[in-house]
Amino acid sequence: MGAASASAIATELRERLSRQSQVRMIFAAAPSQTETLRRLREEPGIAWDRVTAFHMDEYIGLPADAPQRFAHWLDEALFAHLPFAAVHHIVPEPDPAAAAEAYAARLAEAPIDVVCLGIGVNGHIAFNDPPVADFHDPLDVKIVALDETCRQQQVDDQCFARYEDVPDQALTLTIPRLLRADRLFCIVPGSVKRDAVRRSLYGPVATNCPASILRQQAHCALYLDAESDPDAER
Numbered sequence: 315m316g317a318a319s320a321s322a323i324a325t326e327l328r329e330r331l332s333r334q335s336q337v338r339m340i341f342a343a344a345p346s347q348t349e350t351l352r353r354l355r356e357e358p359g360i361a362w363d364r365v366t367a368f369h370m371d372e373y374i375g376l377p378a379d380a381p382q383r384f385a386h387w388l389d390e391a392l393f394a395h396l397p398f399a400a401v402h403h404i405v406p407e408p409d410p411a412a413a414a415e416a417y418a419a420r421l422a423e424a425p426i427d428v429v430c431l432g433i434g435v436n437g438h439i440a441f442n443d444p445p446v447a448d449f450h451d452p453l454d455v456k457i458v459a460l461d462e463t464c465r466q467q468q469v470d471d472q473c474f475a476r477y478e479d480v481p482d483q484a485l486t487l488t489i490p491r492l493l494r495a496d497r498l499f500c501i502v503p504g505s506v507k508r509d510a511v512r513r514s515l516y517g518p519v520a521t522n523c524p525a526s527i528l529r530q531q532a533h534c535a536l537y538l539d540a541e542s543d544p545d546a547e548r
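The sequence shown: position 81 = 395 (our numbering), numbered continuously.
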């Protein structure tokens, strides 16, 4: 799955860069994305010096040097390995509301071409958990409270040692902001995500499973493995 998704993303980037001077791209930061990003780094023929990178969420309240910050995670997984034209980190400090407004403005400077995202155990995309998800959100970036399932997932993913260590707030790109990209690649491995994938594919399109909106997006490709695929024979 990692190889297949990375190959598809690379093909999309090469095609766009053959007809555009620049590509603007948003990345998710999560262990579920590790294999795809590793494979993407190895793909040949991509002019990364013409790609501008963003990410889709960041914790509020962590020290600037905390390894759990998504900016640091993506630096280690991808950004530090390739000569991007620019990398725009979300920096919540010192004023998260001002940071949200500034990041939204930077995103709006030109169209977003490609988004690489995942689905959370609770069906979230980015940090749009069910209690705060809005398919018609008027904002592009906002401050959100993280729900209990989301925070527990960060412990289960071994990003934090204890539930109490996980911040209870974050900045996130909203669902409409993500869906306005030209092309979405949704990468969801692992048995822990199977129920969320099942609800996304077969449940109601509703904010109690935010990722359900993706199945109405013809420009979104979903990549599953045998463990996350609810239709796979076992």
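All C-beta atoms in this analysis are idealised placements derived from N, C-alpha and C, irrespective of residue type, glycine included. Fair warning: this is a prediction, and the values are worked out from it, not measured in the lab.
- Where Leu453 sits in the DSSP three-state scheme: coil
- Message: By the DSSP assignment, the beta strand (DSSP E) with Cys430 in it spans what residues?
- Response: 428-431
- Query: Since Arg497 sits in a beta bridge, which residues does DSSP pair it with?
  - Reply: Val428
- Taking 8 Å as the threshold, find out whether the stretch 381-394 comes into contact with the stretch 487-503 through three or more Cβ pairs. no
- Message: Using 8 Å as the threshold, is the C-beta distance between Glu372 and Ile340 below it?
- Response: no
- Message: Buried or exposed for Gln347, going by 16 or more other Cβ atoms inside 10 Å?
- Response: buried
- Item | At least 3 beta-carbon pairs within less than 8 Å: the stretch 403-418 vs the stretch 450-460 | yes
- Among Ala378, Gly316, Arg333, nearest to Glu356 - alpha-carbon criterion: Gly316
- Query: Of the residues Thr521, His533, Leu515, which one's Cα is nearest the Cα of Leu493?
  - Reply: His533
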